[in-house]
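Per the working numbering, residue 700 is the first one in the sequence shown, and the count goes up by one each step. Where a beta carbon is used, it is the ideal one built from N, C-alpha and C, also for glycine. Here's the structure, in structure tokens; my notes come after.
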Amino acid sequence: MCDPMTIAVGLSIASGVAGHVGQQQQANAAADAANRAYAIDREAAVARQHEEASATAQRLLDNQRAAMRANATATVSAGEAGAYGNSVNRLLQSIGMQEGTVYGREMTNLANTNRSLEFQNRAAQVRRDNTIIQNPKPSLLGTALNIGGDIFNAYDRFN
């Protein structure tokens, strides 16, 4: 039969190791979940960037086609009316300027959307990092010190 001190030491060691393993598993699970959540957030942001770029490209193409039609219509109308010179050139320049204005706005909106998505990505990174920080992995030294303290307390009780 074992003496109470040996049993107390064995229980302290088993309890300390089990606690260490449990804390390690909890920290790993939290880190894995945080990394998966971040990956999903990042995938969503990248998909949204692609969607926005595609939509912007389509709107720019539509705008370019409309400007080409307006330019052709103005050129044909001026030619049929016998008009030429500065007034026709200014009309064509105005059409080109409107096209350029729409292009500039679309590109600014796309850049703003991408910047907003990048901020969302950084926020997701911070959330991931905070989750990992809040669930730190246990240290072997800390576990050894806890076991040592438990053994000392058991020794103190039995002597």
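So R747 and L816 are supposed to be a Cβ contact under 8 angstroms. How far apart are they, rounded?
Taking the first residue of the sequence shown as position 1, residue 747 is located at position 48. Taking the first residue of the sequence shown as position 1, residue 816 is located at position 117. Contact flag correct, Cβ pair sits at about 6 angstroms.
Any 3 or more C-beta pairs closer than 8 angstroms across the region 737-755 and the region 814-831
With the cut-off at 8 angstroms, the region 737-755 and the region 814-831 touch.
Flag this pair as touching only if the region 779-798 and the region 840-855 have three or more C-beta atom pairs under 8 angstroms; answer yes or no.
no
Are the region 789-803 and the region 767-778 touching by the rule of at least three beta carbon pairs closer than 8 angstroms?
yes
For A683, which residues of its own chain have a beta-carbon under 7 angstroms away from its beta-carbon, when the five flanking residues on both sides are left out?
Beyond the ends of the chain as shown, which are 700 and 858, falls residue 683; an answer cannot be given.
Which of the three DSSP states, helix, strand or coil, is assigned to A713?
Indexing the sequence shown from 1 puts residue 713 at position 14. In this structure, A713 counts as helix in the three-state DSSP scheme.
How would you call G647, buried or exposed, if buried means at least 16 neighbouring beta carbons within 10 angstroms?
The structure shown has nothing for residue 647, since the chain only spans 700 to 858.
When the Cα of Q724 is compared with those of N834, I846 and I850, which residue comes out closest?
For the purposes of this step, residue 724 is identified with residue 25 of the sequence shown, where counting begins at 1. The shortest Cα separation from Q724 among N834, I846 and I850 belongs to N834.
Would you kindly report the start and end of the unbroken alpha helix (DSSP H) that includes G795?
Residue mapping note: residue 795 aligns to position 96 of the sequence shown, counting from 1. From DSSP, the alpha helix (DSSP H) with G795 extends over N785 to Q833.
8 angstroms contact criterion, which P837 and H719 should meet: CB distance rounded
Counting from 1 along the sequence shown, the entry for residue 837 is found at position 138. Counting from 1 along the sequence shown, the entry for residue 719 is found at position 20. With 8 angstroms as the limit, P837 and H719 qualify as a contact, their Cβ atoms being about 5 angstroms apart.
Apart from the five residues on each side of it in sequence, which residues of its chain come closer than 7 angstroms, Cβ to Cβ, to V801?
The residue you call residue 801 lines up with position 102 of the sequence shown. The answer, listed in chain order, is N762.
C-alpha gap between S711 and Q722, whole angstroms
Counting from 1 along the sequence shown, the entry for residue 711 is found at position 12. Counting from 1 along the sequence shown, the entry for residue 722 is found at position 23. Each residue's alpha carbon lies about 16 angstroms from the other.
Taking just the CA atoms, how far does G778 sit from R784?
Working through the sequence shown from its first residue, we reach residue 784 at position 85. Working through the sequence shown from its first residue, we reach residue 778 at position 79. For the sequence presented, residue 784 should be read as Gly rather than Arg. The straight-line gap from Cα to Cα measures roughly 11 angstroms.
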